[in-house]
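Asks: Pasting a structure below so you can have a look.
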Amino acid sequence: MFALHACRRSKDVAAAVAVEGVRALGATSGSLAVLVADELSVPGTNDPAPRGLAAALSTPGPTRLRIAGREAWAVRLAVGDRVLGVVAFDGLRREGPAKARLSRLAQHCAPVLARVLAEEAELSALRQSRELLRAVTEGTHDCIFVKDRDLRYVMINAAGARVFGLVPEDVVGKDDKALFAQVDAEEIAQRDREILTSQRTRIYECTSTTSHGATRSWQSTKGPWYDEEGRVVGLVGISRDVSARRKAEEAQRLLAEVSGILGASLEYESTLAAMARLLVPAFAEGCTIHVEEAGERYCLAALGRGAAFAEALLDLVAPGRALGFGELDPTTRRELEARGIHSLLVVPLVIHGHALGHMTLLGGAPGRFMAESERALAEDLARRAGMAIDRARLYRAVQEASRLKDEFLAVISHELRTPLTAILGWTGILRRDSVPEASRGKALETIERNAQAQARLIEDLMDMTSMLAGTLQLDAVDLDLAQPLTQAVRAMGPLADAKGIRLETAFERSGPLPVFGDDLRLRQVIENLLGNALKFTPPGGTVEIGCHRGDKALLWVKDDGVGISPATLPHVFERFRQGDSSSTRSHGGLGLGLSIVRYLVEAHGGAVVAASPGKGLGATFTVELPLRVAKASEVTLVEGSPAPRRDEARVLVVDDAPPSRELVTSIFKSVRPDVTAVHKVAEAVVAMAPKLPPSRQDTGRS
Numbered sequence: 000m001f002a003l004h005a006c007r008r009s010k011d012v013a014a015a016v017a018v019e020g021v022r023a024l025g026a027t028s029g030s031l032a033v034l035v036a037d038e039l040s041v042p043g044t045n046d047p048a049p050r051g052l053a054a055a056l057s058t059p060g061p062t063r064l065r066i067a068g069r070e071a072w073a074v075r076l077a078v079g080d081r082v083l084g085v086v087a088f089d090g091l092r093r094e095g096p097a098k099a100r101l102s103r104l105a106q107h108c109a110p111v112l113a114r115v116l117a118e119e120a121e122l123s124a125l126r127q128s129r130e131l132l133r134a135v136t137e138g139t140h141d142c143i144f145v146k147d148r149d150l151r152y153v154m155i156n157a158a159g160a161r162v163f164g165l166v167p168e169d170v171v172g173k174d175d176k177a178l179f180a181q182v183d184a185e186e187i188a189q190r191d192r193e194i195l196t197s198q199r200t201r202i203y204e205c206t207s208t209t210s211h212g213a214t215r216s217w218q219s220t221k222g223p224w225y226d227e228e229g230r231v232v233g234l235v236g237i238s239r240d241v242s243a244r245r246k247a248e249e250a251q252r253l254l255a256e257v258s259g260i261l262g263a264s265l266e267y268e269s270t271l272a273a274m275a276r277l278l279v280p281a282f283a284e285g286c287t288i289h290v291e292e293a294g295e296r297y298c299l300a301a302l303g304r305g306a307a308f309a310e311a312l313l314d315l316v317a318p319g320r321a322l323g324f325g326e327l328d329p330t331t332r333r334e335l336e337a338r339g340i341h342s343l344l345v346v347p348l349v350i351h352g353h354a355l356g357h358m359t360l361l362g363g364a365p366g367r368f369m370a371e372s373e374r375a376l377a378e379d380l381a382r383r384a385g386m387a388i389d390r391a392r393l394y395r396a397v398q399e400a401s402r403l404k405d406e407f408l409a410v411i412s413h414e415l416r417t418p419l420t421a422i423l424g425w426t427g428i429l430r431r432d433s434v435p436e437a438s439r440g441k442a443l444e445t446i447e448r449n450a451q452a453q454a455r456l457i458e459d460l461m462d463m464t465s466m467l468a469g470t471l472q473l474d475a476v477d478l479d480l481a482q483p484l485t486q487a488v489r490a491m492g493p494l495a496d497a498k499g500i501r502l503e504t505a506f507e508r509s510g511p512l513p514v515f516g517d518d519l520r521l522r523q524v525i526e527n528l529l530g531n532a533l534k535f536t537p538p539g540g541t542v543e544i545g546c547h548r549g550d551k552a553l554l555w556v557k558d559d560g561v562g563i564s565p566a567t568l569p570h571v572f573e574r575f576r577q578g579d580s581s582s583t584r585s586h587g588g589l590g591l592g593l594s595i596v597r598y599l600v601e602a603h604g605g606a607v608v609a610a611s612p613g614k615g616l617g618a619t620f621t622v623e624l625p626l627r628v629a630k631a632s633e634v635t636l637v638e639g640s641p642a643p644r645r646d647e648a649r650v651l652v653v654d655d656a657p658p659s660r661e662l663v664t665s666i667f668k669s670v671r672p673d674v675t676a677v678h679k680v681a682e683a684v685v686a687m688a689p690k691l692p693p694s695r696q697d698t699g700r701s
C-alpha cells in the first residue's frame, strides 16, 4: 500500500492517512483520530475528533457511520487489546473491496501509530524530566554540578556559574584549574579523586578563592555518578555558600577571645595591646588603639600595616563618630594608597555616650570593613574595649578612694593625737605641781593652743560633713568684703610673725567691696587661704593678700613657697587631697581647708582657682565674688519692748554633755551666781516656768 515507516509523529501518520490513504482507497477524504484519556482527538492539535467516530471503537471491523452529514466508513486501530484510535474515509467508490482494503490499512497503520505514540510519550516524559531538573537546579542559590571522570564539568546550574562570573555554557568542559586559584584547585581535585576511588558520598566544608579573587566558604556534598550498567562515570555535587555563617561563627569566636583577654586583667593598657595582637591578622592587617585621658591622647597599641600613619587620621574624626576609607578626602586616600593602605575603619571607644578613644583597623585589600557585618563586629569590639577601659578606671578610682581614705584616717589620727598628746602631757605635769610658777603660763598657753588646733580640725570635719549632706547654711547679709579681709589678716598676723614670714597686703580699693554673704564664712575662706600659704612658705618668705574691684570683687593670696606640681594642681580643691599625704610629711592638716574654700566660695556664687608655675615657685589662689548692687529700701521702725535690765536677767544652761555643761555653768557663775543647769529641754521648760512673768507663761492657747 503506502509507506508509513518514515513517520515519526502522530500528526505525520494522520497526514499520510489523509493523503495517501485517500488515494489508495479511492476515497473522497480521510482522517485519523487518536484515543487520549478515553477521548478521540486530532493528532498534533489536541482538537476533538468529529462526532460519530467513537462508534467505531467498539467494533473490530469497518463500521458505516455519518460524519458531518456524510456517509463514511471507519475502523479502529488496535494492537492486541490496546485501542489506539480510529481511521475514517468517506466517498468510497466500491464498497466491498474498499472495506477489505480499509481493514488491511488499519492492520498496517496500527503498529506504526503505536510506535509513534510510544516515541512521543517517551519524548514527552524526557522533556518533562528535563523541565523538572531545570526547575530544581535553577530554582536554588546552591551550586549544582556534574563532573566526568576527568573532573571536567559536564553540567552546572546558573547559580554555580555565577560564582565564576560566567554562564553555564562557559563552564561546561572546563576543570577547576581554570576556575579556582591553583592551591584551591589542587585541593578540590584531590577530594574529587578520593570520592571517585572510594565510591562514597562525602560532606565537608572548605574555603576557596576563585581565579578572579573572590573568596567564599562552602558546605559541599559530593557523590559518585553511575551509568546504567553501574559504572562510575563521574561525580555529582551540591555546594552551598556558607560564608555568612562562617563569618558569624568566626566573629563570635573572636569576640569570645577578646572578652577573655579584656577580662583577664584590669590593667587595660596591657589587655588592649593583647587585643590588638589578636586582631592582627585575624580581622585586620593593621590595628592601632588610642585612648584619651585628661585632654591627652595615648597610643596603647600600633601593629601591622599602616599603623605608623593612623594617629594622624584621628584629627579628621568627629568626636564619637566612625570614619571609613570612602569618607576620606581624595588627597588623603591617595596618600594612604601610596603606602599600601586601601581600606580603613576608625571606630570610637564609646561608653555611656562618652568617647574614651579610638580603634583604627587597616587593610591592604580594597573593600574591607564596608560590609554591615564587618562594621558591626568592629563596633562590638570597640564597645567591649571601651567597657574594659571604663571598668578599669572605675576600679582604679575605687582603689584611689580607698587609698585616700586610709591615708586620711592615718592623717586624722596623727593630727588629732599630736595636740592631744601635748594637752595630756602638760595637764599631767600641772597636776603634779612640778612646774615652776614661771613656766605655768607657757604650759597653759601650750594647752590652749593645741586645744584650739584640735577644735579647728573638728570644725573642719563638721563643716565637710554638713557640705556633703547639703545642710550647711549661710547667714548672708549685705557687707563690705573689707571687713572679713581685715579681720582675717589681723587673726593670721601672729602666726606669720611666729614663722618669720612677711604678710603683706595689697588692697586696691577706690571704695567699698559690697557683697552679699556670710561674714564668718567669708572670713573662714580667707583664713584658710592664708593658713595654707603660711603652711607652705618657708621662714623668710612672703605671703601677699590683695583685693581689687572690677566687674566682680577679686581677692588673691600669693606666696613664694614650695609651689604646686602640675600633676597635683588639678586636684588641690579635692577632699583629703594633699601634695604629700604620707605620715612623714613636713606639713600638717587634713587636706580639707581648700575643699571647704571652694564649697563656700561657690555657695556665695563665686569661683576660686589655683595657679602655680611649678615646684619651688610659689602659688596663687584667686577668688571672685559677685558684687552686691545697692538698692533703695524703706526702713520701718518698729517700737519694741525695752531690753531687760541686767539685774533681772537669768541664765539657763542646757547641755546633755556633763563636761560641757559644767564648763559653761562655771563660766557664767564667775560673773553671775544665778545660773541654772539642766541636761534636757523638758527640764529647761520646768526650770524656767516659775520664773517667767505671768504675761509670758503658757496659757494653754496658741
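Residue numbers for the sequence shown follow this note's numbering, beginning at 0 and rising by one. Think of the CB as a built atom: it goes at the ideal place given N, C-alpha and C, for glycine as much as any other residue.
Which residues in the same chain as F572 place their Cβ atom closer than 8 Å to its Cβ, once the five residues preceding and following it in sequence are excluded?
Replies: Within the same chain, F572 has close Cβ partners L593, S594, V596, R597, V607, A609.
Asks: Taking 8 Å as the threshold, find out whether the stretch 386-393 comes into contact with the stretch 366-374 through three or more Cβ pairs.
Replies: Because the criterion of three Cβ pairs below 8 Å is not met, the stretch 386-393 and the stretch 366-374 do not touch.
Asks: So who's on the other strand from W224, going by DSSP bridges?
Replies: DSSP, once it has assigned bridges, lists G233 as partnering W224.
Asks: Report the residue from E248, A301, P280 whose alpha carbon sits nearest the alpha carbon of S269.
Replies: Checked all of E248, A301, P280; the closest Cα to S269 is A301.
Asks: For Y225, does the count of other Cβ atoms within 10 angstroms reach 16, so buried, or fall short, so exposed?
Replies: With fewer than 16 Cβ atoms within 10 Å of its Cβ, Y225 is classed as exposed.
Asks: Contact between the stretch 249-262 and the stretch 343-351 is defined here as three or more beta-carbon pairs at a separation below 8 Å; is this criterion met?
Replies: Touching, no, given that fewer than three Cβ pairs across the two stretches are closer than 8 Å.
Asks: Using a Cβ-Cβ cutoff of less than 6 Å, which residues in the same chain neighbour H140 once the five nearest sequence positions on both sides are dropped?
Replies: Result list for H140: A158, in chain order.
Asks: State the DSSP-derived secondary structure class of R455, mapped to helix, strand or coil.
Replies: If DSSP states are grouped into helix, strand and coil, R455 belongs with the helices.
Asks: Could you pull out every unbroken alpha helix (DSSP H) segment of at least 4 residues lying fully inside the stretch 173-202, listed in chain order?
Replies: For the stretch 173-202, whole alpha helix (DSSP H) runs of length 4 or above, ordered along the chain, are 181-197.
Asks: How far does the beta strand (DSSP E) with A610 in it reach, from first residue to last?
Replies: Start and end: 606-610.
Asks: Going by C-alpha distance, which of V670, L651, L261 is nearest V685?
Replies: For V685, the nearest C-alpha among the options comes from L651.
Asks: Taking 8 Å as the cut-off, does the CB of L484 come closer than this to any heavy atom belonging to the ligand GDP?
Replies: No copy of the ligand GDP occurs in the structure displayed, which carries no ligand at all.
Asks: Are the stretch 205-221 and the stretch 149-158 touching by the rule of at least three beta carbon pairs closer than 8 Å?
Replies: No, the stretch 205-221 does not touch the stretch 149-158.
Asks: Who pairs with L662 in a beta bridge, going by DSSP?
Replies: Its beta-bridge partners do not exist; DSSP assigns none.
Asks: Please work out which residues of its chain come closer than 6 Å, Cβ to Cβ, to G562, disregarding the five sequence neighbours upstream and downstream, and give them in chain order.
Replies: Here the set comprises S611, G613, K614, G615, L616, G617, A618.
Asks: Please say whether L322 and V345 have beta carbons closer to each other than 9 Å?
Replies: Yes, they are a contact pair.
Asks: Does DSSP put M461 in a helix, a strand or coil?
Replies: It is helical.
Asks: Taking the CB atoms as reference points, tell me whether M491 and E526 lie closer together than 9 Å.
Replies: Yes, Cβ-Cβ distance for M491 and E526 is below 9 Å.
Asks: Starting from the C-beta of G362, find all residues in its chain whose C-beta is less than 8 Å away, skip the five residues before and the five after it, and write them out in chain order.
Replies: Only A283, E284, G285, R304, I340, H341, S342, L343, F368 meet the Cβ criterion.
Asks: Report the option in A281, M274, L271 whose CA atom is closest to the CA atom of A250.
Replies: It is A281 whose Cα lies nearest to the Cα of A250.
Asks: Report the three-state DSSP secondary structure of H678 (helix, strand or coil).
Replies: If DSSP states are grouped into helix, strand and coil, H678 belongs with coil.
Asks: Provide the residue(s) that pair with K534 in DSSP beta bridges, ordered along the chain.
Replies: None, per the DSSP bridge assignment.
Asks: Which whole-angstrom value describes the C-beta separation of P483 and R522, a residue pair presumed to lie in contact below a C-beta threshold of 8 Å?
Replies: The pair is a contact, with the Cβ atoms about 4 Å apart (cut-off 8 Å).
Asks: My output table needs one value for E249: the three-state DSSP class, helix, strand or coil.
Replies: Residue state, collapsed to three classes: helix.
Asks: Evaluate G172 with the Cβ neighbour count: other Cβ atoms within 10 Å of its Cβ, from every protein chain shown; 16 or more gives buried, anything less gives exposed.
Replies: Per the 10 Å Cβ criterion, exposed.
Asks: Would you list, in sequence order, the uninterrupted alpha helix (DSSP H) runs of no fewer than 4 residues that lie entirely inside the stretch 360-411?
Replies: Runs of the alpha helix (DSSP H) inside the stretch 360-411: none found.
Asks: Which value, in whole angstroms, describes the spacing of the CA atoms of L380 and V162?
Replies: Their backbone Cα atoms lie some 32 Å apart in a straight line.
Asks: Would you please state the rounded distance, in angstroms, between the beta carbons of A55 and A73? I believe it to be under 8 Å.
Replies: At roughly 4 Å, the Cβ-Cβ gap stays under 8 Å, so A55 and A73 are in contact.
Asks: For V663 versus K679, is the C-beta distance shorter than 9 Å?
Replies: Their beta carbons are not under 9 Å apart, which means V663 does not touch K679 by this criterion.
Asks: Starting from the N-terminal side, write out each stretch of the beta strand (DSSP E) that is 3 residues or longer and does not extend beyond the stretch 25-64.
Replies: Fully enclosed beta strand (DSSP E) runs of 3 or longer: 28-35, 38-41.
Asks: Residues in its own chain within less than 7 Å of L703 by CB, not counting five upstream and five downstream?
Replies: Given that the chain is displayed from residue 0 to residue 701, the structure contains no residue 703 and the question cannot be resolved.
Asks: Starting from the Cα of P658, find the closest Cα among G605, L429, R100, A676 and give me that residue.
Replies: When only C-alpha atoms are compared, the closest one is A676.
Asks: By DSSP, does T417 sit in helix, in strand, or in coil?
Replies: Correct three-state label for T417: helix.
Asks: Just to confirm the assignment: which complete beta strand (DSSP E) runs, minimum length 3, are found wholly within the stretch 247-306?
Replies: With a minimum length of 3 residues, the continuous beta strand (DSSP E) runs that stay inside the stretch 247-306 are 285-292, 295-303.
Asks: Compare the C-alpha of A263 against each of V153, G516, L480, A391 and name the closest.
Replies: Among V153, G516, L480, A391, the Cα nearest to that of A263 belongs to A391.
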